[in-house]
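Asker:
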Amino acid sequence: MAGGGGEEGVNLEFTPTWVVAVVCTVIVAVSLAVERLLHYGGIYLKKKNQKPLYEALQKIKEELMLMGFISLLLTVTQNFISKICVSEHVVNNMLPCSLDDKRKAHESNATTTQHYQRFLATAVSRTARRLLAEESSTSATGYCARKGKVPLLSVEAIHHLHIFIFVLAIVHVTFCVLTVFFGSIRIRQWQHWENSIAKDQSGTEQVLKKKITHLDQHSFIKEHFLGIGKNSSLVGWLHSFFKQFYASVTKSDYITLRLGFIMTHCKTNQKFNFHRYMMRALEDDFKRVVGISWYLWIFVVIFLLLNVNGWHTYFWIAFIPFILLLAVGTKLEHVITQMAYEVAEKHAAIEGELVVKPSDEHFWFNRPYFVLFLIHFILFQNAFEIGFFFWIWVQYGFDSCIMGQVKYIVPRLIIGVVIQVLCSYSTLPLYAIVTQVSRFALISLNCSFFL
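For the sequence shown, the numbering used here assigns the number 555 to the last residue and increments by one with no breaks.
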């Protein structure tokens, strides 16, 4: 470049050494600080014997390393990709914005440039105007333009894609942390139930006593069987659907499921701390949902493919995690109802305390972890929705054609907030307590750990 007046035309040969040193120092310092923070975080979790959270932290490190590889690959290949030239009609199909929006953007840029040049005409010398004209001419004539074609993906577009992938990873990890944080708050609210059981020596110890329990008088049976679907499965499903919003886990649910779990897996340890076990189970779930698996990347690619102008894909796709979340919550509530049915349909009264039998057969495909897979997908897609919104907002502005109309933006954001709150505070804790039968591997080594 002749005069070095352009912002992007100066390479390292003509960059002050102190600028290079300062920038490198900041980048290296921030990177080392993050690395040390993760390192000491892992040491702390090991000291606290938080193995599931430690494994979750390792997954976060893996995600960051994957982002590093993606960054390196994009940086190394961006010049090669930008020199892949195609005919203009090839890249005029399936656009996120219409061609009219593209023309308006070019006209706006041209108007801004003309205004800027007129301003310079009165403020700077003819030499500066000549340099500006030369720079504009040079930027307009690129590698593909000389061939009468356009690049398959410009350097600027690659840079924006680079930022999008990082934003997606950061938002997903952040949302997972928020989910387990609010889930922990919800499960800690069950602590007083556990304390009351230990204080009055009820729960598992009463099983040993010879007493008769009339099921029609038991609060668990009243809530899930009597009067809400005894003869109608539809009413039972409707009750399960609405229960996830106002009382996903009641005290009678907790006491009954706790007793059923202990009598199934830890019968010899009547002082088993079920609440402590629930906290560990939630941490174990967290390590499974914190990562971005390969099938989630496939979803990202499919969305980027279908994000075509006029299809409103970004709006309609927001309903997928919302519908899945409602289905998962309803299913988990109905599993509790099925446990009540199994006991109430066979007995009018039983000797001892009411004991339900958890079973994988109550879940889709007899696989409780399939529900966790859906929760993982829900959390990722919701994080993707929110991350995509902030990326567009920061990168292109709120008025960008990719952002869409306000009538589509507001419902997406509302749905995203509802999904995050409902999944964190209701669905994930509900999953932790309902699927405890699949947790046998978590405690089989030493039930006494949870005393």
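For glycine and all other residues, C-beta sits at the position ideal for the given N, C-alpha and C.
May I ask you to report which of helix, strand or coil DSSP gives Val353?
Answerer: Of the three classes helix, strand and coil, the one that applies to Val353 here is coil, per DSSP.
Asker: With DSSP run on the structure shown, which of helix, strand or coil describes Cys189?
Answerer: Strand, per DSSP.
Asker: I need the boundaries of the alpha helix (DSSP H) containing Met507, first residue and last residue.
Answerer: Taken as a continuous stretch (DSSP letters only), Met507 belongs to no alpha helix (DSSP H), as it is neither H nor E.
Asker: Excluding the five sequence neighbours on either side, which residues of its own chain have a C-beta within less than 6 Å of the C-beta of Thr539, listed in chain order?
Answerer: Hits under 6 Å: Pro472.
Asker: Exposed or buried, what is Thr531 when buried is set at 16 or more other beta-carbons lying within 10 Å of its beta-carbon?
Answerer: Answer is buried; the Cβ neighbour count reaches 16.
Asker: Below 8 Å, how does it come out for the stretch 260-278 and the stretch 168-178: are there three or more Cβ pairs, yes or no?
Answerer: These segments touch.
Asker: Would you please state the rounded distance, in angstroms, between the beta carbons of Trp297 and Ile359? I believe it to be under 8 Å.
Answerer: That belief holds up - the Cβ atoms of Trp297 and Ile359 are roughly 7 Å apart, short of 8 Å.
Asker: So, at 7 Å on beta carbons, what are the nonlocal neighbours of Ile490 in its own chain, with the 5 sequence-adjacent residues on each side left out?
Answerer: If we look at Ile490 and ignore the five residues flanking it on each side, its Cβ neighbours are Val275, Gly520.
Asker: Which stretch, first to last residue, makes up the alpha helix (DSSP H) that contains Trp401?
Answerer: Residues 398-410.
Asker: What does the Cβ neighbour count give for Arg362, buried or exposed, with the cut at 16 atoms within 10 Å?
Answerer: Looking at its Cβ environment, which holds 16 or more other Cβ atoms inside 10 Å, Arg362 is buried.
Asker: Take the Cβ of Gly395 as the centre, count every other Cβ of all protein chains shown within 10 Å, and call the residue buried at 16 or more, exposed below.
Answerer: With 16 or more other Cβ atoms within 10 Å, it is buried.
Asker: Count the other C-beta atoms from every protein chain shown that fall within 10 angstroms of the C-beta of Trp415, then say buried if there are 16 or more, exposed otherwise.
Answerer: Burial call: exposed.
Asker: When burial is assigned at 16 or more other CB atoms within 10 Å of the CB, is Arg384 buried or exposed?
Answerer: Classification of Arg384: buried, given that the 10 Å Cβ count is 16 or more.
Asker: When the Cα of Ile402 is compared with those of Tyr381, Ala431, Phe488, Leu428, which residue comes out closest?
Answerer: Closest by alpha carbon: Phe488.
Asker: Mind checking who Val254 pairs with in its DSSP beta bridge?
Answerer: For Val254, which the question treats as bridged, DSSP gives the partners Val190.
Asker: Nearest-angstrom Cα distance between Pro425 and Ser528?
Answerer: Their backbone Cα atoms lie some 14 Å apart in a straight line.
Asker: Report buried or exposed for Asn196, applying the criterion of at least 16 other Cβ atoms within 10 angstroms of its Cβ.
Answerer: Looking at its Cβ environment, which holds fewer than 16 other Cβ atoms inside 10 Å, Asn196 is exposed.
Asker: Hey, Pro255 and Ile506: beta-carbon distance below 8 Å or not?
Answerer: Result no, Cβ atoms of Pro255 and Ile506 do not sit closer than 8 Å.
Asker: Starting from the C-beta of Ser344, find all residues in its chain whose C-beta is less than 7 Å away, skip the five residues before and the five after it, and write them out in chain order.
Answerer: Thr434, Glu437, His438, Thr441.
Asker: According to DSSP, is Cys527 part of a helix, a strand, or is it coil?
Answerer: Of the three classes helix, strand and coil, the one that applies to Cys527 here is helix, per DSSP.
Asker: Given this structure, state the Cα-to-Cα distance separating Tyr500 from Val404, to the nearest angstrom.
Answerer: One C-alpha to the other measures close to 20 Å.
Asker: By a C-beta neighbour count over all protein chains shown, 10 Å radius and 16 as the cutoff for buried, is Trp495 buried or exposed?
Answerer: Burial call: buried.
Asker: Going by the CB atoms, is the gap between Leu428 and Cys280 shorter than 8 Å?
Answerer: For Cys280 and Leu428, no; Cβs fall outside 8 Å.
Asker: Could you give the DSSP three-state label for Phe62: helix, strand or coil?
Answerer: Nothing can be reported for residue 62, as the shown portion of the chain is limited to 105 through 555.
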